[in-house]
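From first to last, the protein sequence lines stand for chains V and A.
In terms of the working numbering, the first sequence opens at residue 3 and continues consecutively.
In terms of the working numbering, the second sequence opens at residue 3 and continues consecutively.
Protein chains: 2
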Amino acid sequence: MVGKKQGLNMTDMNYSGTYKAALVVIGNEILTGRTQDTHTQWIGEKLLKHGIVLCEARTLPDNEDKIVSTVNALRAEFDYVFTTGGIGPTHDDITAQSIAKAFGVPIENNGEAYELLVKQYGADQVTPARARMALIPVGASLIPNPVSGAPGFAMENVYVMAGVPRIMHAMFDHVLDGLQKGKPVLSRTIMCGLPESVVAEKLSSIQAQYPGVEIGSYPNYRDGKPHVSFVLRSTDEASLEKATEDTAQMVRAHGKEPVMS
Amino acid sequence: MVGKKQGLNMTDMNYSGTYKAALVVIGNEILTGRTQDTHTQWIGEKLLKHGIVLCEARTLPDNEDKIVSTVNALRAEFDYVFTTGGIGPTHDDITAQSIAKAFGVPIENNGEAYELLVKQYGADQVTPARARMALIPVGASLIPNPVSGAPGFAMENVYVMAGVPRIMHAMFDHVLDGLQKGKPVLSRTIMCGLPESVVAEKLSSIQAQYPGVEIGSYPNYRDGKPHVSFVLRSTDEASLEKATEDTAQMVRAHGKEPVMS
């Protein structure tokens, strides 16, 4: 069994036998440049090894209408939707109420979540602000938070996690354990000291020959000279090896030694 | 004169007197985790100083349908849309054709762009692959590329730039020079060694008192102990100073010395 939107295509990440996911990073601090997002990279890389492909990531402000419309669009389109941020105790934490609105359910004091807060802070220290973190949409299941108590939650295929990296990582690992997974996406990288335009035509013909392998070409500069990395990805190891060898051969034909990794 | 979607709100970045922008980062390499995106932070921070607020960022795969639908949604919603990535010479560079499709115009060999490639590579070195980089939607104006010749382009309020950071930075600075700008968004930061939940209620009342100032609360851990940073932003310096002083006073009332920056 595989997920939504299957089919092979050269460059749009439709790897055969994988599930498709989207990430919603919630928080003005990312959009103002105050905080460098690292969740997209961390989650994208981790999912891929488990046959789940991160196909889109959106960074949103702490805006209820935006969160509602975005989550509703993405949960219909993808197998899994992950959100990070906005589930703390302050006035700018509006993710839980937004998710409830997206699903058209009320938000309620969740007894299980409240007990987790009591365990974390002590019964007399669950202030009204902290108690906000036990307000969870009706019908959600909790995602444990081993770092600071206040849980995330899951509604259908939407997984709502904290924004603080060490908390998000722990929540994500817990969520990942319970997800249906696809074929791992394998990758090979070939680096060489050529400008990508020199090999673009040949590379395109290799891509056409291996429709089940996705070939990306990423130019960069080293000491002011053009280099390029070719990244080949597939869930089919045999095709991947053949396409990689053809690409390496193409580099050698231009008088350069491919550096494989 | 100010841009689309004006109005004050506590947490959704609707700073008075600013323009609104969206960023589309195009490239599978970001979604697979191979490459850490740094464009969102760099662009978001820079825009804010010029009274343009980055209100949404989306990372997309190299997928024509996705790029078309996303760019069309965002260019209707925001004053400015910036895209990065996918304008090189290889088969996975499909941004220019996608933008043409989004605007419903043909893509053509742009004489001015072709001349730039001739100047960069020499007339006999403009291979068919390199010539692809002169294919520009009809009606676009070029964005110069002082690093490697091949230009970006602008169509109405959409600015299409390269993905390689040093090229994107040069293109962006050129684009920014020509944009209509709003009131600069000013910010103040207060750090303290308190858990955010302790001050959440008071902070909420300060937020309610200053609707033209946006107050964000960002928890973190230092040596395992909870800290919090309050970030206050506004285009109105007088309100910003007052709200900052009230927030600092709130921290002192809890027996901690606020660290301002």
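Where a beta carbon is used, it is the ideal one built from N, C-alpha and C, also for glycine.
- Query: Can you tell me whether DSSP reads residue 121 of chain V as helix, strand or coil?
  - Reply: helix
- Message: Short of 6 Å in beta carbon distance, which residues of its chain neighbour residue 261 of chain V, apart from the five on each side in sequence? Order them along the chain.
- Response: 193
- Is there contact between the segment 223-240 of chain V and the segment 160-179 of chain V, where contact requires at least three CB pairs shorter than 8 Å? no
- Query: In this structure, does DSSP put residue 11 of chain V in helix, strand or coil?
  - Reply: Because residue 11 of chain V sits at a pLDDT of 40, beneath the cut-off of 50, its placement in the model cannot be relied upon, and the following sentence gives the value as read from the coordinates. Coil at residue 11 of chain V, not helix or strand.
- Considering only the beta carbon of each residue, do residue 178 of chain V and residue 22 of chain V sit closer than 9 Å? no
- Relative to chain A, which residues along the segment 49-82 of chain V have a C-beta separation below 9 Å, given in chain order? 49, 50, 55, 56, 57, 58, 59, 60, 61, 62, 63, 64, 65, 66, 67, 68 and 72
- Against chain B: residues of the segment 20-46 of chain V by CB proximity under 9 Å: Protein chains in the displayed structure are V and A, and chain B is not among them.
- Message: In whole angstroms, give me the CA-to-CA distance for residue 144 of chain A and residue 38 of chain V.
- Response: 30 Å
- Query: Can you list the residues of chain V that residue 222 of chain A reaches, using a CB-CB cut of under 7 Å?
  - Reply: 166
- Message: Please state whether the Cβ-Cβ distance between residue 58 of chain V and residue 61 of chain A is less than 9 Å.
- Response: yes
- Nonlocal neighbours in the same chain, by C-beta distance under 6 Å from residue 7 of chain A, ignoring five residues either side: Residue placement at residue 7 of chain A is poorly supported in this model, since its pLDDT is 37, which falls under 50; the coordinates are not used for a value here.
- Using a Cβ-Cβ cut-off of less than 8 Å, list which residues of the segment 220-246 of chain A approach chain V; keep chain order. 220, 221, 222, 223, 228, 233 and 235
- Apart from the five residues on each side of it in sequence, which residues of its chain come closer than 6 Å, Cβ to Cβ, to residue 140 of chain A? 107, 108 and 110
- Who are the Cβ neighbours of residue 146 of chain A in its own chain at under 7 Å, not counting the five residues just before and after it? 153 and 176
- Whose C-beta lies closer than 6 Å to the C-beta of residue 32 of chain V among residues of the same chain, with five residues either side of it excluded? 39 and 61
- At least one CB of chain A closer than 9 Å to the CB of residue 218 of chain V: is that the case? yes
- Message: If you reduce the DSSP assignment to three classes, tell me which class residue 2 of chain V lands in.
- Response: Because residue 2 of chain V is not part of the residues shown, which for chain V are 3 to 263, the question remains open.
- Task: Would you mind sorting residue 3 of chain A into buried or exposed? The rule is 16 or more other CB atoms within 10 Å of its CB.
- Result: Confidence in residue 3 of chain A is poor, its pLDDT being 32 and thus under 50, which makes the residue's placement too unreliable to answer from.
- Message: Please list the terminal residues of the continuous alpha helix (DSSP H) segment that includes residue 46 of chain V.
- Response: 41-51
- Task: Rank A:188, A:187 and A:150 by C-alpha distance to the C-alpha of residue 2 of chain A and give the top, closest one.
- Result: Since the first and last residues shown for chain A are 3 and 263, residue 2 of chain A lies out of range.
- Backbone CA spacing between residue 188 of chain V and residue 211 of chain V [nearest angstrom]: 18 Å
- Establish whether the CB of residue 258 of chain V and some CB of chain A are separated by less than 9 Å. no
- Item | is_contact[residue 10 of chain A, chain V] using C-beta, thresh 9 Å | Reliability fails at residue 10 of chain A, whose pLDDT of 35 lies under 50, so the model's placement of it is uncertain and the value that follows must be treated cautiously. No - not a single Cβ of chain V is within 9 Å of the one on residue 10 of chain A.
- Can you tell me the Cα-Cα spacing of residue 215 of chain A and residue 14 of chain A, whole angstroms? 11 Å
- Query: Less than 9 Å separating the beta-carbons of residue 116 of chain A and residue 104 of chain A?
  - Reply: no
- Message: I need the boundaries of the alpha helix (DSSP H) containing residue 171 of chain V, first residue and last residue.
- Response: 167-179
- Query: At a Cβ cut of 7 Å, what residues of the segment 182-193 of chain V count as close to chain A, listed as they run along the chain?
  - Reply: none
- Message: Let's test the definition: count the other Cβ atoms within 10 Å of the Cβ of residue 94 of chain V and tell me whether it reaches 16, buried, or not, exposed.
- Response: buried
- Task: Show which residues of chain A have a CB atom less than 8 Å away from the CB atom of residue 280 of chain V.
- Result: Nothing about residue 280 of chain V can be read from this structure; chain V reaches only from 3 to 263.
- Query: Do the CB positions of residue 90 of chain A and residue 100 of chain V come within less than 9 Å of each other?
  - Reply: no
- Contacts that residue 15 of chain A makes with chain V (C-beta to C-beta distance below 9 Å): 30, 33, 34, 63, 64 and 65
- Task: Whole angstroms is fine: what's the gap from residue 222 of chain A's alpha carbon to residue 207 of chain A's?
- Result: 22 Å
- Query: Closest Cβ-Cβ distance between residue 93 of chain A and chain V: below 9 Å?
  - Reply: yes
- Mind checking the segment 123-134 of chain A against chain V and listing, in chain order, the residues whose C-beta falls within less than 7 Å of any C-beta there? 129, 130, 131 and 132
- Task: Please list the partners that residue 199 of chain V has in chain A, where partner means a Cβ-to-Cβ separation under 7 Å.
- Result: 91, 129, 131 and 132
- When DSSP labels each residue in this structure, what does residue 192 of chain V get in the three-state scheme? strand
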